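Protein chains in written order, with our numbering: chain A, -7 to 373; chain B, 562 to 859.
So this is what it looks like as structure tokens:
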């Protein structure tokens, strides 16, 4: 019994030798003169949650709409499960989408909304009723069958939209800003529920979002988009800790970024002169940059230590002094804006570990900032 | 003080339409209603008074003979039925022609949409009477349509088009089509295109998506347009008089004949009151649907 292969568990390799469930190859989309999506190539694996992250106008929604079939690529090809989607209309694709506005049918009850997709398949009434009941239970909306969409709260509508998109058990679910219309508390709660449901049903999720926090918690892999291009693909940790360029470093989280020039390149470390910082930055394990090359140094605010004493003698690099010009208390952490001698403002965050512990650093106090060799990210583009 | 001006201002604003309806609708209606309960006589005015003074005592005289007459002479019943039939068929034709047009305008680009709407309203710039007259020139035995068909050799003898039901339908559909298109457009234009995308995404072919999503959501527009066509079409006078049959009159023509040919004001008033009763039912239906629609919108 166990060694018999399950119909749903067929290996992707049988269909596509490279293991990509969705293969987007050199896809471009132009609206008149405007290029919304430019030569995007992307492989998405079966069963993963892939987040397309980007600002408005970055082309992420257009890419999603091409996957659903609402837009046709100007160039390139999209294959889902090894099948070229070029000539396949939306109503024949093995894909369902959850719309940003939810697009619930306002004249239909919750039950009718969710049943709509199954009715198109011509299932029996009993089968439809059973499947609708099951999926409404999964999204915890059982008992709301007779309500109309306008009688539901935002969070409830989101669940109904999710149920409607999932009820046909699609292999691929496209989610357009699934949590954007929810308030912060509900959003956090729903994020984890989405993850649960995704694992329970084994659906491949492609999520479009402009919210990096949402992308980080939901996505197993992220694709960061800018001006219609994918600028970096990787796990949330990859993207955050090792951004590939200045756009990604700046877009994901906050960052202190300075232009500099490589003074010396040792096999395992770089020394970089940063005029703005008024100091030399020593960075470890970075892509090879020859001496003299101009680079950018990016340091995350939480990777900078703040203290009253100068760091130990002999550690002249990776330390600067300045005065605290602004403090923002956020509860779980505090943000310090420190003005360096060179005039540059540096952003430092510090978790508030203790309750009213040691004497806190105050405004206008002189402080030293320092960081570890591994903290700076050296970027060439 | 400010509050006082506000309420009196509000009263004034609400008062103007109320006064308007009172003077121009309710009072004339009551006069007609009162005449319908009198009898014809050769005098000025040509009907019996409502209150008769007899030896210094006033007595109310209500005659129902006008109404009784309506149901004894088959002319009236057949005219009512014919009017309802003509109005219903014309409304259906307007809906079948107007819906696709309204849909196309609602889906057109912003620039062409303005032009198309303008084209719908454009005929109103010419006199209604003139436009109906123009149809005589088109439909005549010796008219444009017959001449073109004869010239092309499609027909050998001219078709009888004028003074037929067909001519009345043409005239009413042509004249009232904008009243169908405009409310339908106003409704269809508000539809969220994402709903049709969602339907397609869930596996509905375009035609099924239209039937399941667009059509039910445009129901209020269909009702509004249909009533705007149906109600005036029932009482239509000019079009059937100029283009229609002479052996079968519409009720509007009967009404005018009673007033001006027979000078039987009581019967004419009774005819008018019965038309009103026939139309009140669809109007109330319309208002109920509109109210339900208002409640349904979040």
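Glycine is no exception: its CB is placed at the ideal position from the N, C-alpha and C atoms.
Treat the numbers as computed from the prediction; the structure is a model and nothing was measured.
inquiry  = Quick check: residue 86 of chain A and residue 72 of chain A, are their CB atoms within less than 8 Å of each other?
reply    = The residue you call residue 86 of chain A lines up with position 94 of the first chain. The residue you call residue 72 of chain A lines up with position 80 of the first chain. Going by C-beta atoms, residue 86 of chain A is nearer than 8 Å to residue 72 of chain A.
inquiry  = Against residue 769 of chain B, what residues of chain A qualify as contacts under a CB-to-CB distance less than 8 Å, listed in chain order?
reply    = The residue labelled residue 769 of chain B in the question sits at position 208 within the second chain. What residue 769 of chain B touches in chain A: 112.
request  = Evaluate residue 42 of chain A with the Cβ neighbour count: other Cβ atoms within 10 Å of its Cβ, from every protein chain shown; 16 or more gives buried, anything less gives exposed.
outcome  = On the first chain, residue 42 of chain A is found 50 positions in, with the first residue counted as 1. Buried.
inquiry  = So, under 8 Å CB-CB, residue 786 of chain B and residue 846 of chain B are touching, yes? Tell me the CB distance rounded to an integer number of Å.
reply    = Taking the second chain and counting its residues from 1, the one referred to as residue 786 of chain B is at position 225. Taking the second chain and counting its residues from 1, the one referred to as residue 846 of chain B is at position 285. With 8 Å as the limit, residue 786 of chain B and residue 846 of chain B do not qualify as a contact, their Cβ atoms being about 14 Å apart.
Test: residue 88 of chain A CB closer than 8 Å to a CB of chain B = The residue labelled residue 88 of chain A in the question sits at position 96 within the first chain. By this cut-off, residue 88 of chain A is an interface position.
task = Just mark residue 201 of chain A as buried or exposed, buried being the case when its beta carbon has 16 or more other beta carbons within 10 Å.
result = Your numbering for residue 201 of chain A matches position 209 in the first chain. That one is buried.
ask   = Taking the alpha-carbon positions, what's the residue 582 of chain B to residue 592 of chain B distance?
value = Counting from one through the second chain, the residue named residue 582 of chain B turns up at place 21. Counting from one through the second chain, the residue named residue 592 of chain B turns up at place 31. Approximately 14 Å between the Cα atoms of the pair.
query = Excluding the five sequence neighbours on either side, which residues of its own chain have a C-beta within less than 6 Å of the C-beta of residue 131 of chain A, listed in chain order?
reply = In the first chain, residue 131 of chain A corresponds to position 139, counting from 1. Excluding residues within five positions, the ones whose Cβ falls inside 6 Å are 151, 154, 155.
ask   = When Cβ atoms are compared, which residues of the segment 129 to 140 of chain A fall closer than 8 Å to chain E?
value = Absent from the structure is chain E; the protein chains it does hold are A and B.
query = Who are the Cβ neighbours of residue 664 of chain B in its own chain at under 7 Å, not counting the five residues just before and after it?
reply = In the second chain, residue 664 of chain B corresponds to position 103, counting from 1. Excluding positions up to five away in sequence, the list reads 749.
ask   = If you draw a straight line from the alpha carbon of residue 770 of chain B to that of residue 157 of chain A, how long is it in whole angstroms?
value = By one-based count along the second chain, residue 770 of chain B stands at place 209. By one-based count along the first chain, residue 157 of chain A stands at place 165. Spanning the two alpha carbons is a distance of roughly 16 Å.
ask   = Is it true that the segment 667 to 685 of chain B meets the segment 804 to 813 of chain B, where meeting means three or more beta-carbon pairs spaced less than 8 Å apart?
value = The answer is no - the segment 804 to 813 of chain B does not touch the segment 667 to 685 of chain B, with fewer than three Cβ pairs under 8 Å.
key: DSSP-derived helix/strand/coil call for residue 179 of chain A   = As a first step, residue 179 of chain A must be located in the first chain, where it is residue number 187. Reduced to three states, the DSSP call for residue 179 of chain A is helix.
key: Partner residues on chain A for residue 778 of chain B, Cβ-Cβ distance less than 9 Å   = For the purposes of this step, residue 778 of chain B is taken as the residue at position 217 of the second chain. Here the neighbours are 97, 98, 99.
query = Exposed or buried, residue 371 of chain A, counting other C-beta atoms within 10 Å across all chains shown (16 or more means buried)?
reply = Locating residue 371 of chain A in the first chain gives position 379, where the first residue counts as 1. Counting of Cβ neighbours within 10 angstroms places residue 371 of chain A among the buried residues, the total reaching 16 or more.
request  = Give the straight-line distance between the Cα atoms of residue 5 of chain A and residue 39 of chain A, rounded to the nearest whole angstrom.
outcome  = On the first chain, residue 5 of chain A is found 13 positions in, with the first residue counted as 1. On the first chain, residue 39 of chain A is found 47 positions in, with the first residue counted as 1. Only weak support exists for where residue 5 of chain A lies, its pLDDT of 38 falling under 50; the coordinates are left without a value.
inquiry  = Within 8 Å, do at least three Cβ pairs link the segment 679 to 699 of chain B to the segment 758 to 773 of chain B?
reply    = no
request  = Give a yes or no on whether the C-beta atoms belonging to residue 109 of chain A and residue 159 of chain A are separated by under 8 Å.
outcome  = Here residue 109 of chain A is taken as the residue at index 117 of the first chain, counted from 1. Here residue 159 of chain A is taken as the residue at index 167 of the first chain, counted from 1. Yes, the Cβ-Cβ distance between residue 109 of chain A and residue 159 of chain A is below 8 Å.
key: Neighbourhood of residue 803 of chain B by C-beta, 6 Å cutoff - its chain only, sequence neighbours within 5 removed   = Taking the first residue of the second chain as position 1, residue 803 of chain B is located at position 242. Excluding positions up to five away in sequence, the list reads 693.
key: Host beta strand (DSSP E) of residue 88 of chain A (start-end)   = Counting from one through the first chain, the residue named residue 88 of chain A turns up at place 96. 87 to 90 is the extent of the beta strand (DSSP E) around residue 88 of chain A.
request  = Rounded to whole angstroms, what's the CA-CA distance from residue 834 of chain B to residue 88 of chain A? Just pull it up for me.
outcome  = Indexing the second chain from 1 puts residue 834 of chain B at position 273. Indexing the first chain from 1 puts residue 88 of chain A at position 96. C-alpha separation (whole angstroms): 58 Å.
inquiry  = Within 10 Å of its beta-carbon, does residue 126 of chain A have 16 or more other beta-carbons around it, so buried, or fewer, so exposed?
reply    = Position 134 of the first chain holds residue 126 of chain A. Under this definition residue 126 of chain A is an exposed residue.
ask   = Name the chain A residues that come within less than 9 Å of residue 762 of chain B, Cβ to Cβ?
value = The sequence position of residue 762 of chain B within the second chain is 201, counting from 1. For residue 762 of chain B, the chain A residues whose C-beta falls within less than 9 Å of its own C-beta are 60, 61, 62, 82, 83, 85, 87, 88, 89, 91, 95, 109, 157, 166, listed in chain order.
Nearest to residue 751 of chain B (by Cα), restricted to the options B/653, B/730, B/668 = On the second chain, residue 751 of chain B is found 190 positions in, with the first residue counted as 1. Closest option to residue 751 of chain B, Cα to Cα, is B/668.
inquiry  = So that I know if they touch, is there some Cβ in chain B lying closer than 8 Å to that of residue 160 of chain A?
reply    = Position 168 of the first chain, counted from the start, is the residue given in the question as residue 160 of chain A. Yes, residue 160 of chain A lies at the interface with chain B (some Cβ there is under 8 Å from its Cβ).
query = I think residue 830 of chain B touches residue 671 of chain B, with their Cβ atoms under 8 Å apart; what is that distance to the nearest whole Å?
reply = Against the second chain, residue 830 of chain B aligns to sequence position 269. Against the second chain, residue 671 of chain B aligns to sequence position 110. Taking 8 Å as the upper bound for CB-CB distance, residue 830 of chain B and residue 671 of chain B are not in contact here, some 50 Å apart.
ask   = Start and end of the beta strand (DSSP E) containing residue 215 of chain A?
value = Residue numbering aside, residue 215 of chain A sits at position 223 when the first chain is read from its first letter. Looking at the DSSP string, the run of the beta strand (DSSP E) that includes residue 215 of chain A is 213 to 218.
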